[in-house]
Amino acid sequence: MKRTATRPLIWPLTAAVGTAGTAAFALFLGPAPVHAAGESSSSTAVRLHVESIPALPQPGFDGTWGIATTGATGGTHTTDFTIDPDNVQNLVTIATKTGSTSGNQSVNTWQGDSALNAISVRLKVGGPTLISVATLHTFARCAPPSASQATTAVNVPVVAGTVVSEGVTEIPVTGSQLGYPSVGSGTLTVTLDQTRNTTPETTAEAEVEIAVRARLLDTTGEPLYEGPLADVTLGAVRATCGSPSTPTPTPPTPTPTPPTPTPTPTPTPTLVVTPTPVPSPTPTTEPTPKPTPTATPTPLPRPEHSHCAGRRDRHGKCVSGHVEETREEITREYDNRAFLLHGEELPFTGAPIVVVGALGLASLAVGTALLIGARRRRRDDRPGSA
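For the sequence shown, the positions run -36 to -1, 1 to 350 when mature numbering (1 follows the signal peptide of the UniProt record, and there is no 0) is used.
Right under this line is the structure:
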């Protein structure tokens, strides 16, 4: 008989078990967090805009200075103030200045900060200081799932020699304060705004902005210019984290089960139960025990004491001739039941005379036998008796 060789299932089973184990271990560890695109932090020390006003004449300018950024790869970067491609330093001077940005993928944290001291801003090169700030510090940080942070601190902001506060301030001004001889007088409207914006967990930004508008008159008092004059943003920092998106593993597709029709339940009529009054219990009178009847002896008929020439029968009647004597049965009742007594009974006790007599004779016989035995034993115990 020829046998057919069967391929061993060891390697396929091993591969299947290994695949299943790897999948289970991956599910146990959970998917690695995926960082949202665009995670970054930035810090810009100065962003300046000067309006172009030919009537003054004032040339326009736009530029930024003191930039540091950190991308999604993370790391730490310090602001390099030596880099100034827009030549902002021609119009802005800062005595001491620092700035930095950082990002850490492992803890999903990004932040930026800026610290500036003794800031001075001019409208034109070599012109007088229009805006000054003693100290300024800004900070922005995001670190999901913690709340984002954004802070600003600005001390002694001054515009055209007048200290301003957050909000809108109007300041009178002269041409010499602006550095333009064509201006006789005017009014500046200054708006100081401290931005501290956050979105839950994902972004934070902070900055201080000072915007100046002007209504200027010439030396004869005629209107010369009205509109924006300059706008400077200091310590603009931003941090963007984004919400970490975790991919959801696809569960195995279950085998569809045909729906089981659900029977429509038949409404069950509601049974209204009317409570039946429970009658009060009637007190039960305990029956009085019946007295136990006392046995009453039945008196024996006595013979009449009339003169009788013949013999009397057992009923006491006087008869002549032979009388057949019969044994009289004596009965006594106890608890409504009759008991037959054999012979006469003793008074008071009611014990049968025959039984008592027999017991007495038996007692005498036993006593006599004991007495005789005792005398013989005594005689045998005397000395000299053999």
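Where a beta carbon is used, it is the ideal one built from N, C-alpha and C, also for glycine. Predicted, not measured: the structure shown is a model, and the values here were computed from it.
Task: C-alpha distance - Leu188 paired with Val128, whole-angstrom precision - done: Rounded to whole angstroms, Leu188 to Val128 spans 25 Å at the Cα level.
Task: Straight-line Cα distance separating Ser70 from Leu14 - done: A small fix is needed here, since residue 14 is Val in this sequence, not Leu. Taking the straight line from one Cα to the other gives about 43 Å.
- [ ] Starting from Gly63, trace the beta strand (DSSP E) both ways and give me its first and last residue.
- [x] Gly63: member of the beta strand (DSSP E) spanning 56 to 68, first to last residue.
Open item on the list: Which complete beta strand (DSSP E) runs does the region 171 to 212 hold, if anything under 3 residues is left out?
Closed with: With a minimum length of 3 residues, the continuous beta strand (DSSP E) runs that stay inside the region 171 to 212 are 187 to 204.
Open item on the list: Tell me which residues share the same chain as Thr151 and place their Cβ nearer than 8 Å to its Cβ, disregarding the 5 neighbours each side in the sequence.
Closed with: Taken in chain order, the residues that qualify are Glu134, Ile135, Pro136, Val137, Ala178, Arg179.
Task: Element boundaries [beta strand (DSSP E), containing Leu100] - done: First-last of the beta strand (DSSP E) with Leu100: 93 to 106.
Open item on the list: Whether or not the region 107 to 116 and the region 82 to 95 are in contact is what I'm after, with contact meaning three or more pairs of Cβ atoms, one per stretch, closer than 8 Å; do they touch?
Closed with: The way I'd put it, the region 82 to 95 doesn't touch the region 107 to 116; fewer than three beta-carbon pairs between them come closer than 8 Å.
Open item on the list: Check whether the region 92 to 105 and the region 162 to 170 are in contact - that is, three or more C-beta pairs closer than 8 Å.
Closed with: Output reads yes: the region 162 to 170 touches the region 92 to 105.
TODO: Could you say which of Lys61, Arg202, Ala326, Arg340 lies nearest to Ser4 if we only look at CA atoms?
DONE: Residue Arg202 is the option with its Cα nearest to Ser4.
TODO: Pick out whichever of Gly148, Thr65, Ala200, Ala98 has its Cα sitting closest to the Cα of Gly125.
DONE: Looking from the CA of Gly125, the closest CA among Gly148, Thr65, Ala200, Ala98 belongs to Ala98.
TODO: Determine the DSSP secondary structure at Leu323, reduced to helix, strand or coil.
DONE: Residue state for Leu323 is assigned as helix, using DSSP reduced to three classes.
Open item on the list: Within a Cβ cutoff of 6 Å, which residues of the same chain sit near Asn81, ignoring the five residues on either side of it in sequence?
Closed with: For Asn81, where only same-chain residues beyond five positions count, the Cβ hits under 6 Å are Ala59, Thr60, Thr99.
- [ ] With a threshold of 16 other CB atoms inside 10 Å of the CB of Asp26, please say whether the residue is buried or exposed.
- [x] By the Cβ neighbour-count rule, Asp26 is exposed, with fewer than 16 other Cβ atoms within 10 Å of its own.
- [ ] Helix, strand or coil for Ala19, going by three-state DSSP, please let me know.
- [x] Of the three classes helix, strand and coil, the one that applies to Ala19 here is coil, per DSSP.
Task: Exposure label - Pro49; buried when at least 16 CB within 10 Å - done: The residue is exposed, with fewer than 16 neighbouring Cβ atoms inside 10 Å.
Task: Segments assigned alpha helix (DSSP H), at least 4 residues, entirely inside the region 121 to 161 - done: The region 121 to 161 contains these whole alpha helix (DSSP H) runs: 139 to 142.
- [ ] Following the continuous beta strand (DSSP E) through Leu87, name the residue where it begins and the one where it ends.
- [x] That residue, Leu87, is in no beta strand (DSSP E); it is neither H nor E in DSSP.
Task: Strand pairing of Phe25, partner residues [DSSP] - done: Beta-bridge pairing by DSSP links Phe25 to Val14.
- [ ] With a 10 Å radius around its C-beta and 16 neighbouring C-beta atoms as the bar for buried, classify residue 351 as buried or exposed.
- [x] Because residue 351 is not part of the residues shown, which for the chain are -36 to 350, the question remains open.
TODO: Quick one: grab the DSSP three-state call for Val71.
DONE: Coil at Val71, not helix or strand.
Open item on the list: Give me the residue from Ala333, Ile31, Arg339 with the minimum Cα distance to Val52.
Closed with: Looking at the Cα atoms, Ile31 is the closest of the given residues.
Task: Distance, Thr37 Cα to Pro(-4) Cα - done: Low local confidence applies: a pLDDT of 42 at Pro(-4) is under 50, so the model's placement there is unreliable, and no value is given.
Open item on the list: Thr33 and His41 - do their beta-carbons sit closer together than 8 Å?
Closed with: Judged by their CB atoms, His41 and Thr33 are nearer to each other than the 8 Å cut-off.
Open item on the list: Between Val132 and Thr116, how many whole angstroms is the CB-CB distance? I'm expecting something under 8 Å.
Closed with: Contact check for Val132 and Thr116: beta-carbon distance about 18 Å, past the 8 Å limit, so the pair fails to qualify.
Task: Counted within 10 angstroms of its Cβ, other Cβ atoms place Ala326 as buried (16 or more) or exposed - done: Residue environment: Ala326 is assigned as exposed (fewer than 16 neighbouring CB atoms within 10 Å of its CB, all protein chains considered).
- [ ] Could you tell me which residues DSSP pairs with Ser6 in its beta bridges?
- [x] Ser6 is bridged by DSSP to Thr33, Arg202.
Task: Exposure label - Asn161; buried when at least 16 CB within 10 Å - done: Asn161 should be labelled exposed.
Task: Coil, strand or helix - Ala111 by DSSP - done: In this structure, Ala111 counts as coil in the three-state DSSP scheme.
Open item on the list: Please state the DSSP three-state secondary structure of Thr42.
Closed with: Strand at Thr42.
Task: Buried versus exposed call for Gly76 [16 or more other C-beta atoms within 10 Å across all chains shown] - done: Buried.
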